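Start counting the sequence shown at 90; every next residue gets the next number (this note's numbering).
Ideal placement from N, C-alpha and C gives every residue a C-beta, glycine not left out.
Bear in mind that the values here come from a model prediction, so they are computed numbers and not experimental data.
Comments concern the structure below.
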Amino acid sequence: MPRSARQLSSSGIYHVVIRGVNKQTIFADDEDNTAFLKILGECKELSGFEVYGYCLMGNHAHLLLKQIEENIGQLMKRVASRYVKWFNWKYDRCGHLFQERYKSEAVEDDTYFVAVLRYIHQNPRKAGICETIGEYKWSSYNDYIYKKSTVVDLDFALEVIGESDFERFMNEDKEESIMDYAEPRKRLTDEELAAEIESISGIKAIMIQNEQREKIDSICREVLKIVGVSTRQLSRVTGVSANIIWHL
C-alpha cells in the first residue's frame, strides 16, 4: 500500500510524534532523555529549525517544530539517525529504533498552535504519570515557566499567548482533537501500587522509608518505571519524602 502524502504546512510549523518500534522504550532513563535533547539542540544548529515545545514520554515523544532551512523530513531524519546511533551504542544493540516514519500534522494558526503546545505539556498528566504538569521533568513546560532553555525558542509562544497568561493557558482542561500516538494508560490504585512495591522489593511499601537511603533510592527508581506512578503517589504509599523521590 503506498504511503499517503504528508500535509504541508504553510506556516512551516509541525506537531511531530515519534514512537519506538513495536512500542518499545526509546528513553529508558534520564541519560537517554538528556542525550536526545542535546542531539535536538545540535541538529537545530545544523538544520536551522526552531523548537517551540517537546515532551519525552518513554516510548514516544512529541515535538513542536518550525522548519526554516531544511524541510521537516530532512531535519527529522537528522535528529532520528543521530539518536539511534547513540542509543544503539549505549545499549549494545543494532537495527531500527523508531516505528517507520514519524507522524506529523501541520499547525497553521495561533489558536491551534496554543492547543498543540498545551496538549504536549499536559501529556504526562493525562497519562497518569504526574498530578501537575509542572512536576514532569522531561517537557518544555518548565522551560517556559522559568524562561530558560538550551533548546526551546521561547519568545514566539510567549508572544502568541502572553507571558502573564501562559501558565493559565497551559493548565486549562480542554477537550481537543490533537494527533497522538499514545494509548490510554491505567493508573494503579494505592493498594495495587503497594502490592507491586512489595513484589519488587520484598518489603512492605510503608516500611521502605525505614531502609538505608541507598536502598530507598534504588527501590523508588525501579518503581517509577511503572507506567502511571507519580511522585506524589509513591510518596503517599511508601512514606518516603516527595522531595527525595523528585531528585532521584
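For the region 192 to 250, which segments carrying the beta strand (DSSP E) assignment without a break, of at least 3 residues, lie completely within its bounds, in sequence order?
-> Those beta strand (DSSP E) runs which fall completely within the region 192 to 250 and span 3+ residues are 192 to 195.
Under 9 Å between the Cβ atoms of residue 117 and residue 172?
-> For the purposes of this step, residue 117 is identified with residue 28 of the sequence shown, where counting begins at 1. For the purposes of this step, residue 172 is identified with residue 83 of the sequence shown, where counting begins at 1. It is not a contact, given that the beta carbons lie outside the stated cut-off.
Pick helix, strand or coil for residue 261, following the three-state DSSP scheme.
-> Position 172 of the sequence shown holds residue 261. DSSP places residue 261 in coil when its eight states are reduced to three.
By the 10 Å Cβ neighbour count, where 16 or more other Cβ atoms means buried, how is residue 90 classified, buried or exposed?
-> Walking along the sequence shown from the start, residue 90 turns up at place 1. Here the model assigns residue 90 a pLDDT of 36, short of 50, so the residue's position is not dependable, and the following value carries that caveat. Its Cβ having fewer than 16 others within 10 Å, residue 90 is exposed.
Take the Cβ of residue 336 as the centre, count every other Cβ of all protein chains shown within 10 Å, and call the residue buried at 16 or more, exposed below.
-> Here residue 336 corresponds to residue number 247 of the sequence shown, with the count starting at 1. Residue 336 is exposed by the Cβ-count criterion.
Considering residue 139, what are the terminal residues of the beta strand (DSSP E) in which it resides?
-> In the sequence shown, the residue the question calls residue 139 occupies position 50. Counting along the chain, the beta strand (DSSP E) containing residue 139 begins and ends at 139 to 145.
Helix, strand or coil for residue 190, going by three-state DSSP, please let me know.
-> Counting from one through the sequence shown, the residue named residue 190 turns up at place 101. Coil.
For residue 181 and residue 263, the rounded distance between their alpha carbons | Looking up residue 263 in the sequence shown gives position 174. Looking up residue 181 in the sequence shown gives position 92. About 42 Å.
Which of the three DSSP states, helix, strand or coil, is assigned to residue 323?
-> Working through the sequence shown from its first residue, we reach residue 323 at position 234. Helix, per DSSP.
Distance, residue 207 Cα to residue 225 Cα | The sequence position of residue 225 within the sequence shown is 136, counting from 1. The sequence position of residue 207 within the sequence shown is 118, counting from 1. Going from the Cα of residue 225 to the Cα of residue 207 covers about 14 Å.
Label residue 338 either buried or exposed according to how many other C-beta atoms from any shown protein chain fall within 10 Å of its C-beta, with 16 as the threshold for buried.
-> Residue 338 is absent from the structure shown; the chain starts at 90 and stops at 337.
Residue from 105, 147, 102, 103 with nearest C-alpha to residue 113 = Here residue 113 refers to the residue found at position 24 when the sequence shown is read from its first residue. Answer by Cα proximity: 147.
Could you spell out the range, first to last residue, of the beta strand (DSSP E) harbouring residue 103?
-> Sequence index remark: in the sequence shown, residue 103 carries index 14 (1-based). Looking at the DSSP string, the run of the beta strand (DSSP E) that includes residue 103 is 102 to 108.
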